[in-house]
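In what follows, a single structure is set out as structure tokens and then discussed.
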Amino acid sequence: MPRFRLLGLPSVVLGEIAKLWDPFELFHVSQCSKKMIKIVQLANTSKLKLTLWDRSLYVTGNYYFKVVSTANIGNFKILGVRHFELNPNQKFEIKIARDKDDVLCFFWDDEFLGRAVMLFYLSHIFNCPLKYFVAGPPFPSKVFRLIIGWLIEKQNGEIEDIYATFEDEEDLKWTLDNLKASKSLNINFPSYQGQLISYSLKFHPKILKIANSGWFTIDNLVLAAKWCMLISLEQSKLSNKDLDAFLRLWMTEEFPCLQFLAIKNESFNDKEKIMDRSPMQWKTKRRLLRQKL
41 MPRFRLLGLP SVVLGEIAKL WDPFELFHVS QCSKKMIKIV QLANTSKLKL TLWDRSLYVT
101 GNYYFKVVST ANIGNFKILG VRHFELNPNQ KFEIKIARDK DDVLCFFWDD EFLGRAVMLF
161 YLSHIFNCPL KYFVAGPPFP SKVFRLIIGW LIEKQNGEIE DIYATFEDEE DLKWTLDNLK
221 ASKSLNINFP SYQGQLISYS LKFHPKILKI ANSGWFTIDN LVLAAKWCML ISLEQSKLSN
281 KDLDAFLRLW MTEEFPCLQF LAIKNESFND KEKIMDRSPM QWKTKRRLLR QKL
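Read left to right, the sequence shown gives residues 41 to 333 (my numbering).
The structure is reproduced here in structure tokens:
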């Protein structure tokens, strides 16, 4: 039987064929050769969105590329091997398996590095950006910075949503100084030891949520409130005096974008007045104050 030369077809025809394939099929095709990656991109894959959520990479349409430890490989039926490259000196042969119809598993010795390498590969073959990054369990600093560095290089640091747990203060500062989350920024810094962190945000997220926010000063809050619609701080160290000064600014319409503020704080006391009201009066007047704000 004569061979059919797929690559000999006009690009318009190749594009229409590629549009019939789902992201899993496009991924498998991309592994054939560098020329096939160009065919994959003819399927308008740039419209896809990538989400890195802990152990899985999600592609628009609920296609899950899941990173699994090789320690669990015995629980799956291996379908074959796929190839990845971080750089000329770091190449990987990764076994794959199908878990469910919408889950393709990849077995890595280093799960964190595997997520980074697969993110870079999928973004490359689909020519689409990373929109959401959720790093619940802290990533090793080296891998986390590898991902953030890639975001800076490929997307100018721009991303819609990021949720990250940090163990290292320098990683937190570096992220705040370089990322540009447009929709929401969620930060958890459980290892905070009481130091105040100086930072400069170069982006304007609409939503800012910080757990373990003892490092977040009143100056940080005033700066963020100039462009955030919602701010939520937990385990804050702000004082009654800080809140009084901030609310007075808010009442003067200093922060036209801010619509909601929530601060959980054990440092607030029942004695110092806030905007000429005792904390107990605030509890009874909060509906009125909400309308005024």
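Glycine is no exception: its CB is placed at the ideal position from the N, C-alpha and C atoms.
What you are looking at is a predicted structure, and each value in this text was computed from that prediction instead of being measured.
Who are the near neighbours of Y103 in its chain, counting only those whose CB is closer than 8 Å to its CB and skipping five residues on each side?
Here the set comprises D62, P63, F64, D142 and L144.
What is the rounded straight-line gap between the Cα of F206 and the Cα of T292?
35 Å
Quick check on R95 - is its C-beta less than 8 Å from some C-beta in chain B?
Given the protein chain composition of this structure (a single chain), no chain B is represented.
By a C-beta neighbour count over all protein chains shown, 10 Å radius and 16 as the cutoff for buried, is R330 buried or exposed?
Note that R330 scores a pLDDT of 41, beneath 50, so its modelled location is shaky; the value from the coordinates is reported in the next line. Label assigned to R330: exposed.
Along the chain, where does the beta strand (DSSP E) that runs through I338 open and close?
This structure cannot settle anything about residue 338, because the visible part of the chain is limited to 41 through 333.
In the structure shown, what three-state DSSP assignment does F166 receive?
helix
Between D287 and I314, how many whole angstroms is the CB-CB distance? I'm expecting something under 8 Å.
Note that residue 287 corresponds to Leu in the displayed sequence, not to Asp. Correct: roughly 7 Å between the Cβ atoms.
Determine which residues share a DSSP beta bridge with T91 and list them.
Y98 and Y172
So, helix, strand or coil for W61, using DSSP?
coil
Tell me R288's beta-bridge partners as DSSP assigns them.
DSSP output for R288 lists no bridge partner at all.
Are three or more beta carbon pairs between the segment 111-119 and the segment 192-202 nearer than 8 Å?
no
I want to know whether the segment 85-102 touches the segment 164-183 - three or more CB-CB distances under 8 Å.
yes
For my contact list, L126 and V80 are in at a C-beta cut-off of 8 Å; report their separation, rounded to the angstrom.
Between V80 and L126 the Cβ distance is about 20 Å, and since that is not below 8 Å, they are no contact.
Between the C-alpha atoms of R185 and A175, what's the straight-line distance to the nearest angstrom?
12 Å
Please classify T215: does DSSP put it in a helix, a strand, or coil?
helix
Taking just the CA atoms, how far does L263 sit from C297?
The straight-line gap from Cα to Cα measures roughly 12 Å.
Alpha carbon to alpha carbon, what distance is there between K213 and M76?
40 Å
Identify whether K313 lies in helix, strand or coil by the three-state DSSP scheme.
K313 falls in the coil class under three-state DSSP.
Under the assumption that I199 contacts A221 (Cβ atoms under 8 Å), give the Cβ distance between them as a whole number of angstroms.
6 Å
Can you give the Cα-Cα distance for T110 and S181, rounded to whole angstroms?
22 Å
I'd like to confirm the pairing. Which residues does DSSP put opposite E151 in its beta bridges?
Answer is none; E151 lacks a bridge partner.
Which value, in whole angstroms, describes the spacing of the CA atoms of L219 and L191?
8 Å
Let me check one thing: in DSSP terms, what residues is R122 bridge-paired to?
Partner(s): I134.
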